[in-house]
Structure formats: C-alpha cells, structure tokens
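Trainee: Position in the sequence shown (first residue = 1) + 88 = our numbering.
All residues carry an ideal CB built from backbone N, CA and C; glycine is no exception.
A single structure is presented below for examination.
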Amino acid sequence: MPPGYFLGYFIFYMLKNSKTLYGFPIFENLHYTTSPKKCIISFALWENIMNIYTIVGVAAFVLFIMYDFNQISGNRLALRLFFPLGIAILIFSSVRIALISPAVAYPGRGLSALFWFTAAVFFSLLIYTLFFAVPFDAAYVKGSKQRLCTTGVYAICRHPGVLFLAAAYVFSALAMGKIGFLIAGAIFSVCNVIYVVIQDKWIFPRVFEGYEEYQKTVHFLLPLGRMRS
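Printed below as a string of structure tokens:
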C-alpha cells in the first residue's frame, strides 16, 4: 500500500479528533476531508503527481551547481543562463505543488493572513539577499575573484538565503494548510543546504578573494556561539 494511503488515514483521524494545538484553538475553523476514503484517494493521487514536480524542483539545484562551477571554469555565457533557468523551474514546481496539494489544516482567515505576511517578509529578505545585498553584475555575471560582501545579512551567517527560503516555505505551507507543500519545501531546503555546502567548500574560495578569512569569522548557516575574530 502506498505511503499516501497511510498518510491519508493518519491525517483524517488526527484532524477529526483535534482542533486545538497545545491548548490554543488555532484550528477552530479547520477544514478537512469529510470521509477517510476521499482523504486517502486525495493523498494517493497527490503523492504520484507531487513526486514529478518535486523531482523537477530538485533539478533546479543541479542547474545552480552547474552554474557555479561554470564561474570557476571559463564562465561561459550560455551556462550563465542556468541560474535564472533554475529559479524559473523552482518557482514553477513550487507553484504547481501548492496548487495540487490538498489543504488538510487550513487555520482560518486571520491566522492564514498572518502566515502569508510572514512568508512575504522572508521571501523579500531572500530576494534582497540574492539580488541587492551584492551587486547583480558582480554576483551573477563576472567570474572568479569577485569582491566579497561581509556586511548586512552576510554578517549574520555566510548563507542567509537558506534560512529565508526555508522560512518562506514553512509559513506559506502554514498559510495554506497544505502538508504536501511543507514536505516539498523541506526537500528543496535540504537540497539548498547541500548546494551551499558545495559553494562553501569548492566554489566561493575560488570566486571571492578573502573567503577563507570570512569562513573563520562568520558562521556557516546558524549564527550560534562565538567565532574567533
């Protein structure tokens, strides 16, 4: 029996018997499938379709990696298109998953609006981090030996975009009440972590002057504890 069937059973009975979380009635206006059979069919169908779009989204990170290696090995003009192409693919797959995933825990208009606002804040931070904190031409057009940015969001950690993207997925999923979108966001976030590990070890030390010193003074991802100055 596919995992979607088990997930359908679990979610149906969990939502049917509980409309509060830790004593707070945040699921008071919860909408769930009224029959376990419909819930099971919905999740089984979603599982088969979502796998396709998830694979497509994962492929976007492969394009990002190829784009980065191009920066240190010739910086060919055609391969520079892999980055915007990867972004377009990731957006497309995320939107499709959001549309086809069943809503199983819609929190109500008020809380949903709050979650959407929070997701928008993190998405705006992601856009700023990728395209405005560092000049676009320096970050996405030039090859190696670029100027390193160590201020602003890049003083918090070396890859703040990972945190902002993950948070945007989490709060968007909460706003829609769609567990499928949350799972896809978690998969894409794991891919993003793998991607920045590759950047941190093999790409950025060759792309940015002084990156080794930057690694010694700023945290990789989570700004926890002290770094030697």
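By how many angstroms is the C-alpha of I153 removed from the C-alpha of I286?
Mentor: 8 Å
Trainee: Judging by CA-CA distance, which residue of V222, L202 and Y299 is the nearest neighbour of A256?
Mentor: L202
Trainee: Going residue by residue through the region 235 to 289, where are the continuous alpha helix (DSSP H) segments of at least 4 residues, counting only ones entirely within it?
Mentor: Entirely contained in the region 235 to 289, the alpha helix (DSSP H) runs reaching 4 residues are, in chain order, 248 to 264 and 267 to 286.
Trainee: Under the three-state reduction of DSSP, which class applies to Y110: helix, strand or coil?
Mentor: Because the pLDDT at Y110 is just 37, under 50, the model does not fix this residue reliably, and the point stays unresolved.
Trainee: Do you know how far the Cα of A263 is from the Cα of W204?
Mentor: 6 Å
Trainee: Pick from F219, L236, V295 and R246: whose alpha carbon is nearest that of G162?
Mentor: V295
Trainee: Less than 7 Å between C-beta atoms, sequence neighbours within five positions excluded: which residues of the same chain meet that for T206?
Mentor: F259
Trainee: Taking buried to mean at least 16 other C-beta atoms within 10 Å of its own C-beta, is S212 buried or exposed?
Mentor: exposed
Trainee: Go ahead and label A176 buried or exposed: buried means 16 or more other beta carbons lie within 10 angstroms of its beta carbon, across all protein chains shown.
Mentor: Exposed: under 16 other Cβ atoms inside 10 Å.
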